[in-house]
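Residue numbering for the sequence shown follows the UniProt record's numbering, starting at 1 and increasing by one per position.
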Amino acid sequence: MSQPTERNRLEDEESPYLRQHADNPVNWQPWDEQALETAREHDRPIFLSIGYSACHWCHVMESESFADEEVAALLNEHFVPIKVDREERPDVDSIYMTVCNLVSGRGGWPLSAWLTPEGKPFYVGTYFPKEAKRGQPGFVDVLENVSNSWEEDREEAVSYTHL
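Here it is in structure tokens:
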């Protein structure tokens, strides 16, 4: 089993949205060079979650998934989890939302994106319930599938990069 990423660094952020995730068991990192370097250094994909304070589904996903120990364990072990406030970083939001719209035909928040350590998205979506329901894949299943694809057939996973 690999070592988890560094501790959650959101408590020192200026954004109230990011600070509200500081107590999650997910080892959230802000979008900065340190987080990106961690991904490159550990050769681990990035899970990027973009949202904002007034977003209903962002709060739902936090309570269903990001506050959940099982989900946190998957994120911390297999990914470098990065949290972005779209109101603080509209530049980052714009890039990955454009990809989501182009790939899936729709967008919205929370924006969920899986990136190579270099920041290239290879899987994108919006809100995922913790468990599959009403034809929507569950977040746990998505995390396991993306992790398995990255570890077992990275070349194919990377072939889906969208930048």
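Positions of the beta carbon are idealized from the N, C-alpha and C atoms, including for glycine.
As the structure is a prediction and not an experimental result, all values here were calculated from the model.
For residue i, count the other beta carbons within 10 Å of its own beta carbon; 16 or more makes it buried, fewer makes it exposed. Which is it?
i      : result
LEU111 : buried
ASN148 : exposed
THR116 : buried
ARG86  : buried
PRO81  : buried
ARG134 : exposed
HIS56  : exposed
ALA157 : buried
ASP91  : exposed
ASP32  : exposed
Tell me the DSSP secondary structure of residue i in three-state form.
i      : result
PHE139 : helix
VAL146 : helix
PRO16  : helix
ASP85  : strand
PHE128 : coil
TRP114 : strand
GLU11  : helix
LEU48  : strand
PRO90  : helix
VAL103 : helix
PHE79  : coil
In its own chain, which residues sit with a C-beta less than 8 Å from the C-beta of residue i, not counting the 5 before and 5 after it?
i      : result
GLY138 : PHE128, PRO129, LYS130, GLU131, ALA132
TYR160 : PHE122, TYR123
Going by beta carbon distance, what residues of the same chain come within less than 6 Å of residue i, once the five residues before and after it are set aside?
i     : result
MET61 : PRO110, TYR127
HIS21 : LEU10, TRP28, LYS83
VAL26 : PHE66, ALA72, LEU75, PRO81
Of the residues the options, which one's Cα is nearest the Cα of residue i?
i      : options                     : result
MET97  : PRO121, GLU156, LEU75       : PRO121
LEU48  : ALA54, LEU18, GLU69         : LEU18
TRP114 : ALA73, VAL146, GLU64        : VAL146
PRO30  : LEU143, ARG40, ASP12        : ASP12
ARG154 : ARG44, GLU33, GLY108, ALA35 : ARG44
PHE79  : ASP32, PRO16, ASP68, LEU36  : LEU36
ASN24  : GLY105, ASN8, GLU33, GLY108 : ASN8
GLU144 : HIS42, ARG40, GLU70         : GLU70
With residue i and residue j assumed to form a contact (beta carbons below 8 Å), what rounded beta-carbon distance in angstroms separates them?
i      : j      : result
ILE50  : ASP93  : 5 Å
VAL124 : VAL103 : 6 Å
SER15  : GLU88  : 5 Å
Could you pull out every residue in the same chain whose Cβ sits closer than 7 Å to the Cβ of residue i, ignoring the five residues on either side in sequence?
i     : result
SER2  : The predicted position of SER2 is uncertain, since its pLDDT is 43 and thus under 50; a value taken from the coordinates is nonetheless stated next. For SER2, where only same-chain residues beyond five positions count, the Cβ hits under 7 Å are GLU77.
SER53 : PRO16, TYR17
CYS58 : GLY51, TYR52, TRP109, PRO110
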